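Residue numbers (our numbering): -7 to 97.
For glycine and all other residues, C-beta sits at the position ideal for the given N, C-alpha and C.
It should be emphasised that the depicted structure is a prediction, and the values quoted were computed from it without experimental measurement.
The structure appears below as structure tokens.
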């Protein structure tokens, strides 16, 4: 697994929840970027098999992993994170960006 950004500017789950249901192509791009940033570069399937324990441990700690397969990219996340993203009502994108600005200051 390649290391993603160890301290992402914004929690990827907040971004995904805030954009859930927007249905815009820009929203889809932002969700993809929010997940890919902490995950790092995608691993080839063969390499992912060798690192399965590390990938699952990282996912259970809240950092997604991306695996490149013949059919496309596969995202490995914990069940808790998936449930949070699907069920919890998220902040608006403006609220997420404001929180990020405050954490930088």
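Residue pairing from DSSP places residue 57 in a beta bridge opposite 68. Per DSSP, residue 30 is one residue of the alpha helix (DSSP H) stretching across 17 to 31. Burial state of residue 86 is exposed, judged by a 10 Å Cβ sphere holding fewer than 16 other Cβ atoms.
Between the stretch 24 to 33 and the stretch 54 to 65, the count of C-beta pairs closer than 8 Å reaches three or more; the two stretches touch.
By DSSP's assignment, residue 36 forms a beta bridge with 60. Counted as a single uninterrupted DSSP element, the alpha helix (DSSP H) harbouring residue 87 occupies residues 85 to 96.
Between the C-alpha atoms of residue 31 and residue 52 there is a straight-line separation of about 13 Å.
Here DSSP, grouped into helix, strand and coil, assigns residue 3 to coil.
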